[in-house]
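Following: one structure in structure tokens, then a few remarks.
There are 4 protein chains.
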Amino acid sequence: MKRTDLALEARELWQEKGPSELPPGVTGETREASGCTVETLRVRSRAGAEALGKPEGTYLTLFPEKFLRREEGAFEAAAVLLGQLLRSLLDLPEGACVLVAGLGNEAITPDSLGPRTMRHVLATRHLVSALPETFGAFRKVTVLETGVLGNTGMESAELIKAVAEKLKPDAVIAVDALASRRLGRICRTVQLTDTGITPGSGGGNTRSELSRAALGVPVVGLGVPTVVDAATLAADLMETAGLGEIRAEDFGEYGEGMMVTPREIDGQISLIARLLGYGINLALHDLSVADVTALVG
Amino acid sequence: MKRTDLALEARELWQEKGPSELPPGVTGETREASGCTVETLRVRSRAGAEALGKPEGTYLTLFPEKFLRREEGAFEAAAVLLGQLLRSLLDLPEGACVLVAGLGNEAITPDSLGPRTMRHVLATRHLVSALPETFGAFRKVTVLETGVLGNTGMESAELIKAVAEKLKPDAVIAVDALASRRLGRICRTVQLTDTGITPGSGGGNTRSELSRAALGVPVVGLGVPTVVDAATLAADLMETAGLGEIRAEDFGEYGEGMMVTPREIDGQISLIARLLGYGINLALHDLSVADVTALVG
Amino acid sequence: MKRTDLALEARELWQEKGPSELPPGVTGETREASGCTVETLRVRSRAGAEALGKPEGTYLTLFPEKFLRREEGAFEAAAVLLGQLLRSLLDLPEGACVLVAGLGNEAITPDSLGPRTMRHVLATRHLVSALPETFGAFRKVTVLETGVLGNTGMESAELIKAVAEKLKPDAVIAVDALASRRLGRICRTVQLTDTGITPGSGGGNTRSELSRAALGVPVVGLGVPTVVDAATLAADLMETAGLGEIRAEDFGEYGEGMMVTPREIDGQISLIARLLGYGINLALHDLSVADVTALVG
Amino acid sequence: MKRTDLALEARELWQEKGPSELPPGVTGETREASGCTVETLRVRSRAGAEALGKPEGTYLTLFPEKFLRREEGAFEAAAVLLGQLLRSLLDLPEGACVLVAGLGNEAITPDSLGPRTMRHVLATRHLVSALPETFGAFRKVTVLETGVLGNTGMESAELIKAVAEKLKPDAVIAVDALASRRLGRICRTVQLTDTGITPGSGGGNTRSELSRAALGVPVVGLGVPTVVDAATLAADLMETAGLGEIRAEDFGEYGEGMMVTPREIDGQISLIARLLGYGINLALHDLSVADVTALVG
Numbered sequence: 067m068k069r070t071d072l073a074l075e076a077r078e079l080w081q082e083k084g085p086s087e088l089p090p091g092v093t094g095e096t097r098e099a100s101g102c103t104v105e106t107l108r109v110r111s112r113a114g115a116e117a118l119g120k121p122e123g124t125y126l127t128l129f130p131e132k133f134l135r136r137e138e139g140a141f142e143a144a145a146v147l148l149g150q151l152l153r154s155l156l157d158l159p160e161g162a163c164v165l166v167a168g169l170g171n172e173a174i175t176p177d178s179l180g181p182r183t184m185r186h187v188l189a190t191r192h193l194v195s196a197l198p199e200t201f202g203a204f205r206k207v208t209v210l211e212t213g214v215l216g217n218t219g220m221e222s223a224e225l226i227k228a229v230a231e232k233l234k235p236d237a238v239i240a241v242d243a244l245a246s247r248r249l250g251r252i253c254r255t256v257q258l259t260d261t262g263i264t265p266g267s268g269g270g271n272t273r274s275e276l277s278r279a280a281l282g283v284p285v286v287g288l289g290v291p292t293v294v295d296a297a298t299l300a301a302d303l304m305e306t307a308g309l310g311e312i313r314a315e316d317f318g319e320y321g322e323g324m325m326v327t328p329r330e331i332d333g334q335i336s337l338i339a340r341l342l343g344y345g346i347n348l349a350l351h352d353l354s355v356a357d358v359t360a361l362v363g
Numbered sequence: 067m068k069r070t071d072l073a074l075e076a077r078e079l080w081q082e083k084g085p086s087e088l089p090p091g092v093t094g095e096t097r098e099a100s101g102c103t104v105e106t107l108r109v110r111s112r113a114g115a116e117a118l119g120k121p122e123g124t125y126l127t128l129f130p131e132k133f134l135r136r137e138e139g140a141f142e143a144a145a146v147l148l149g150q151l152l153r154s155l156l157d158l159p160e161g162a163c164v165l166v167a168g169l170g171n172e173a174i175t176p177d178s179l180g181p182r183t184m185r186h187v188l189a190t191r192h193l194v195s196a197l198p199e200t201f202g203a204f205r206k207v208t209v210l211e212t213g214v215l216g217n218t219g220m221e222s223a224e225l226i227k228a229v230a231e232k233l234k235p236d237a238v239i240a241v242d243a244l245a246s247r248r249l250g251r252i253c254r255t256v257q258l259t260d261t262g263i264t265p266g267s268g269g270g271n272t273r274s275e276l277s278r279a280a281l282g283v284p285v286v287g288l289g290v291p292t293v294v295d296a297a298t299l300a301a302d303l304m305e306t307a308g309l310g311e312i313r314a315e316d317f318g319e320y321g322e323g324m325m326v327t328p329r330e331i332d333g334q335i336s337l338i339a340r341l342l343g344y345g346i347n348l349a350l351h352d353l354s355v356a357d358v359t360a361l362v363g
Numbered sequence: 067m068k069r070t071d072l073a074l075e076a077r078e079l080w081q082e083k084g085p086s087e088l089p090p091g092v093t094g095e096t097r098e099a100s101g102c103t104v105e106t107l108r109v110r111s112r113a114g115a116e117a118l119g120k121p122e123g124t125y126l127t128l129f130p131e132k133f134l135r136r137e138e139g140a141f142e143a144a145a146v147l148l149g150q151l152l153r154s155l156l157d158l159p160e161g162a163c164v165l166v167a168g169l170g171n172e173a174i175t176p177d178s179l180g181p182r183t184m185r186h187v188l189a190t191r192h193l194v195s196a197l198p199e200t201f202g203a204f205r206k207v208t209v210l211e212t213g214v215l216g217n218t219g220m221e222s223a224e225l226i227k228a229v230a231e232k233l234k235p236d237a238v239i240a241v242d243a244l245a246s247r248r249l250g251r252i253c254r255t256v257q258l259t260d261t262g263i264t265p266g267s268g269g270g271n272t273r274s275e276l277s278r279a280a281l282g283v284p285v286v287g288l289g290v291p292t293v294v295d296a297a298t299l300a301a302d303l304m305e306t307a308g309l310g311e312i313r314a315e316d317f318g319e320y321g322e323g324m325m326v327t328p329r330e331i332d333g334q335i336s337l338i339a340r341l342l343g344y345g346i347n348l349a350l351h352d353l354s355v356a357d358v359t360a361l362v363g
Numbered sequence: 067m068k069r070t071d072l073a074l075e076a077r078e079l080w081q082e083k084g085p086s087e088l089p090p091g092v093t094g095e096t097r098e099a100s101g102c103t104v105e106t107l108r109v110r111s112r113a114g115a116e117a118l119g120k121p122e123g124t125y126l127t128l129f130p131e132k133f134l135r136r137e138e139g140a141f142e143a144a145a146v147l148l149g150q151l152l153r154s155l156l157d158l159p160e161g162a163c164v165l166v167a168g169l170g171n172e173a174i175t176p177d178s179l180g181p182r183t184m185r186h187v188l189a190t191r192h193l194v195s196a197l198p199e200t201f202g203a204f205r206k207v208t209v210l211e212t213g214v215l216g217n218t219g220m221e222s223a224e225l226i227k228a229v230a231e232k233l234k235p236d237a238v239i240a241v242d243a244l245a246s247r248r249l250g251r252i253c254r255t256v257q258l259t260d261t262g263i264t265p266g267s268g269g270g271n272t273r274s275e276l277s278r279a280a281l282g283v284p285v286v287g288l289g290v291p292t293v294v295d296a297a298t299l300a301a302d303l304m305e306t307a308g309l310g311e312i313r314a315e316d317f318g319e320y321g322e323g324m325m326v327t328p329r330e331i332d333g334q335i336s337l338i339a340r341l342l343g344y345g346i347n348l349a350l351h352d353l354s355v356a357d358v359t360a361l362v363g
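Residue numbers (the numbering used here), protein chains in the order written: chain A, 67 to 363; chain B, 67 to 363; chain C, 67 to 363; chain D, 67 to 363.
As structure tokens, then:
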């Protein structure tokens, strides 16, 4: 089994083996909107979850084609669509309190998506309290960068839980870099899911879970594939070269702790972190893209 | 009244006005050690606290003269001394759990002392749990960068409280940049106090308090003056120029939100953040300076 | 005499003393355009230059009021206007080769304007050569960050001269942070001048000159006030407080090497560096703001 | 042929195919010193150069084993040894002028070795001129970060040549990240060679050459492998897995522009950049490691 965080790839792996398009208990559809393609996958039963290796819930995959080709107006269109998709998963009441958390290590470029996205998210909780006449229409947003276990001594999930117990938010949005099995997907899709996130799961480094079950409120996971692990890459390459199927585990320790990224990953993550940040702001407040630009800078 | 976070300067201001060396209920002493001068000030009564404008408790001010002159071996000596002073304020049991928090804004150089110090502090909590045979002799340290209200929507104190309620540490160490009234003190002294920290107090931006009363466990505040506010500077300059005493408040809005720092503040903060980080590690674990270098890198 | 790099302040200082609006040999005018105010000062004679303490040439000061209030569309309008002003000073032939240099120290926030602006300037020289069919309509732009003497051992002007001798550009644009005598001007105006730049002149640290005389081609200096030196601030404050005129030099060494900046300088420089970068791209190529966004990201 | 910048790997590739230890015209030896292993390879004839695919000259490969295990005192010992090796290749007269250049892109972690090393190199040229009584015993060092073609529009070699024509140094030291064919070598060896550097050669992106022939003075290339390109990795993995020899080129465009690095590359590069910087300072001046620490900070 190749390491992946993407529902889309779990579906592909099923299709590569299976006779059917989708496992029983799983439904899917694809549509075009705002210069993007959106694939929806719904895992509706335990059997479906087992077949796909993904928990029950909804998975939305956004392919922002025009944005990736840097077409004019495409950033704005993709950000608005992302905001709508996110809003559809959150279903928040007015005046809601939301905790937005960025996971990952800012010093490791492909792992920096979470913290870098946070730079574009408006923290409004203190403003709504202090200036209700000006900010009364805003939702109360708290922004948290969790850091990583090696630097903090504390799991990301543990820190988020501690803050959630204090703030009692109506929902949590967790942003993290994901692992993919295909180089061609890096920084090219956005995954949204109401099943939350298992930090580090894609990289084989399972930590505790961020989910509705764990936190007691809806948790939306928002992620982008930024990395392929080296053994997965090699297995993928061999298949592509027609050398038969090899399992990533067969390589043993070789390549462990190694990751494959595009040379221009830094710039790609900057662009997509901005897209995610805008999408989050647009989902949480009644703002236009121009408003967000004026507020976030 | 000039804005200052330094007990040393509160003492100076008293002496400038008062007939006596120290207010009643306050005792002080100065000694030399390890190429440094250490001034101890003990505020022992409510009257003393009011006279000095500082809460009851112990204030240690370290002047690391040799380190500032970059003499050979002076970094090591100052770090060891800082570790001892910190240890004397903490009085921790073996196996203690400690939360170390860095306050301030990494993007504003003179406010970046807290987060930059955290880079040098060993997070050990997860290691002690996972590898007790190797790390059993270490204290359990969690490292937290609090960010700032404007970016997070959450007071530093609130975040620290949330984490402390979850982790139940035996003590908290909070590191923050301080305001001074004298340019000549910037990055030249280290203040340690068992009275904790009121984030932003020196800059006139009072937020909620980090203290034993607030957190239920001992809180040591560790800080370095990195900034003089513009009105305080001007008042100080006028006095120096013999133009009589002027109060910083008299300048009204002029200079508000302005800060004065040395041109080379970035390099100075790098050096002193490393000193604080080493001091913290040496206070919390039975390590040599060379051990810390090997572990922190 | 107070330290300033701004022609506008040289003009003010004249007016504070003198009976006339402007010295003989100096003409000026002010106009509104694109949500900005533009002040033009022309120093047309040696006498005028001496009276003003500024070399003969044209000085344009842009006050981007709407941009500073973050009004919608104001960034685009100000960038286009800046591009036009810059183009008027450069008067470049088609196919011209331009060297754009960012001066200053990236590690010192208020001195980082030059290098940060460079991040937004398109380097096209290699593209025009390699892909003439695609980039033939572009001017050939080389982008250089000069670093600072203390880190490189080489004056900025010396490095620029070395590169100019090799590349033989048709013009040089040099971007640098400037010193002002008023806190209220920091990051609020843009100065353009065909007299070039004397790096570090505002801060009292005169190095060699970047001018048409020195380089043999037109040199446009582009700068923004980011800093007030501490003694200048104090002199300014005293005047404001009605304590009579004091000269910055009277403070002697006190405050030397100190600078005064707004607390939020980091964010302000990010915004204005982007404005300068866009202005430069729009001056040098026939592009729209949206084109620049697509190319620079 | 696999992409590699390492003479050591060129030697390995020869040995994998050839019957002899080394090609004719190439001599080699290995020795232990200061907790390190040093492999010397001398390419003494044109035939040797062709057989090995490396220009005639001396190649020293340093394996700083104890430093990599972070043993106490190992940094100091390795830095001193590196200084001696560098000195042996440079053979500089007293009072010599040296240009030290860091190549690569600071924003791409594995390509940031050059610029990061420069932070640790003392620029002394301006000090020797300004304060000959204090700095008279120092060599005159200029430090240059070249940036990369995509950002500057100018080849690194072209910029270095422009500066060298101006400064007329007695020697050039060029620091760059190298490509390796083995994951296990990343950040684990230092290569020094008097044949200079062809920037980007390892990554398949050949630019113009930095050599004695091109610059007219001795050019020492100093580099560390920081990256394996994805196709080379896959070819290497297949061999390891016993699937026969495959050429990296066979993968075509798959993996192009992709690079493989360890997850903790950022920290590894920090450590080794400091080692290189210290080695350069120790080679160029008569200083102790403690002196360098005091001067560089």
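Positions of the beta carbon are idealized from the N, C-alpha and C atoms, including for glycine. Treat the numbers as computed from the prediction; the structure is a model and nothing was measured.
- At a cut-off of 8 angstroms between beta carbons, C/R182 makes no contact with chain A.
- Below 8 angstroms, enough C-beta pairs join the stretch 345-352 of chain C and the stretch 176-187 of chain C to call them touching: three or more.
- For C/L126, the beta-bridge partners assigned by DSSP are C/T106 and C/L258.
- Judged by DSSP secondary structure, D/T208 falls within the beta strand (DSSP E) whose first and last residues are K206 to E211.
- Counting along the chain, no beta strand (DSSP E) covers D/L215; the unbroken alpha helix (DSSP H) around it starts and ends at L215 to T218.
- In the structure shown, the three-state DSSP call for D/T327 is strand.
- According to DSSP, residue pairing for D/I263 in a beta bridge involves D/L276.
- Of all residues in the stretch 183-200 of chain C, only A189, T190, R191 and H192 come within less than 7 angstroms of chain D when Cβ atoms are compared, listed by chain position.
- D/K234 counts as exposed, since fewer than 16 other beta carbons sit within 10 angstroms of its beta carbon.
- DSSP places A/A113 in the uninterrupted alpha helix (DSSP H) bounded by R112 to L118.
- Neighbours of A/T175 in chain D, taken as residues at a C-beta separation under 7 angstroms, are given in chain order as T175.
- Approximately 7 angstroms separates the beta-carbon atoms of C/T261 and C/G287; this is inside 8 angstroms, confirming the contact.
- Going by C-alpha positions, C/T200 is about 15 angstroms away from C/V207.
- The beta-bridge partner set that DSSP reports for D/I239 consists of D/V166 and D/V286.
- Beta-bridge partners assigned by DSSP to D/A245: D/V293.
- Rounded to the nearest whole angstrom, the CA to CA distance from C/L74 to C/T127 is 7 angstroms.
- Per DSSP, D/G94 is one residue of the beta strand (DSSP E) stretching across V92 to A99.
- The beta carbon of D/K232 sits closer than 8 angstroms to some beta carbon of chain C.
- Residue burial is scored here from C-beta neighbours: C/G101 has at least 16 other C-beta atoms within 10 angstroms and is therefore classed as buried.
- One finds E211 and G213 in chain B with Cβ atoms closer than 8 angstroms to the Cβ of A/E211, taken in chain order.
- For B/N217, at least one C-beta of chain A is nearer than 8 angstroms to its own C-beta.
- DSSP, reduced to helix, strand and coil, places B/A144 within a helical segment of the structure shown.
- Per DSSP, D/V229 is one residue of the alpha helix (DSSP H) stretching across S222 to L233.
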